[in-house]
Amino acid sequence: FTIPDLTTENGVRESVAEAFIKPNLRRANFDVLIHAHVAKILFDENKRAIGVMYYHKKKVAYARKEVILSAGAVDSPKLLMLSGVGPSDHLKSFQIPVIADVAGVGQNFHDQPILFGIIFTVDKGNAWNFFTSFLNVSAHKDYVYRRKGPLSVTIGVESNAWHQISGGDPLYPDLQVLLMSISVATDFGLFVSDAFGLKREVSLC
17 FTIPDLTTEN GVRESVAEAF IKPNLRRANF DVLIHAHVAK ILFDENKRAI
67 GVMYYHKKKV AYARKEVILS AGAVDSPKLL MLSGVGPSDH LKSFQIPVIA
117 DVAGVGQNFH DQPILFGIIF TVDKGNAWNF FTSFLNVSAH KDYVYRRKGP
167 LSVTIGVESN AWHQISGGDP LYPDLQVLLM SISVATDFGL FVSDAFGLKR
217 EVSLC
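Numbering (the numbering used here), first residue to last: 17 to 221.
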């Protein structure tokens, strides 16, 4: 079990750019280039990553120490394969020179489906309530002046439970259960059902 991990500061959700890039823009060893598209990773004769080629007037950036690949679940394997790292048969079919024959690159991609499970109610007065917790003057004052209170935390997500299902990877959990103090009907069909693509008449049944 874990509590939700969030990127926040002073009760406000932050993007990666706000949390990690902007505070470091003045560092001498940190440069940000926009409108640049990385084409591939460059390797030397020892198959060691030495830089990247990117499209911004088609330039090359060489690394003094290391190349960090952090392009997400889709573009990271894509860049590896464009650079010659991946299943050799697949690379050869696109006439990409093979640097390393690694069968797993680009494989085992999974979507993240969500399924609303067991929903139950408790006696009035013993539970968190969307309207009484958020739509009141006290909660808004607490957030505006102190950046605290119910508006500064995740709405209803109390904790995560991680579990390994049968046949999954024995080293990593492959099922996440969100323990939430809300349901799709919490706001009487105003916003939550639309956010998850559910028909309001279904969410209010």
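All C-beta atoms in this analysis are idealised placements derived from N, C-alpha and C, irrespective of residue type, glycine included.
Let me check understanding here. Comparing Cα to Cα, which of ASP127, LYS63 and LYS73 lies closest to LEU96? LYS63
Buried or exposed (CB count within 10 angstroms, at least 16 for buried), LYS56: buried
Measure the alpha-carbon distance for PHE207 versus LYS108 and round it to whole angstroms. 49 angstroms
Alpha carbon of LEU131 to alpha carbon of ASN45, nearest angstrom: 45 angstroms
State the DSSP-derived secondary structure class of SER199, mapped to helix, strand or coil. coil
Quick one: is ILE115 buried, meaning 16 or more other Cβ sit within 10 Å of its Cβ, or exposed? buried
Tell me the DSSP bridge mates of LEU194? ASN176
In terms of alpha-carbon separation, which member of VAL28, ILE84, GLU34 and ILE50 lies closest to ILE66? ILE84
To the nearest angstrom, how far is the alpha carbon of LEU149 from that of LEU187? One detail in the question is off: residue 149 reads as Ser in this sequence, not Leu. Each residue's alpha carbon lies about 40 angstroms from the other.
By DSSP's criteria, PHE59 is part of a beta bridge. Which residues make up the other side? ALA65
Same chain, Cβ closer than 7 angstroms to ASP158, neighbours up to 5 away in sequence not counted: LYS164 and GLY165
Please name the residue, chosen from SER199, THR23 and PHE17, that lies closest to VAL169 on a Cα-to-Cα basis. THR23
Could you tell me whether any non-hydrogen atom of the ligand ADP is closer than 8 angstroms to the CB of PHE125? Judged by which ligands are present, the structure shown has none, so any question about the ligand ADP falls away.
Terminal residues of the continuous beta strand (DSSP E) containing TYR78? 75-78
Contact belief for ASN121 with VAL101 at Cβ below 8 angstroms, rounded distance in angstroms: Per the sequence presented here, residue 121 reads as Val, with Asn not at that position. Indeed they touch by this definition, with Cβ atoms about 6 angstroms apart.
What are the boundary residues of the alpha helix (DSSP H) that includes HIS72? HIS72 -> no alpha helix (DSSP H), and no H or E assigned at all.
With DSSP collapsed to three states, give me the class of ASP117. strand
Count the other CB atoms within 10 Å of the CB of ASP190; is the residue buried (16 or more) or exposed (fewer)? exposed
Three-state secondary structure (DSSP) at VAL101? strand
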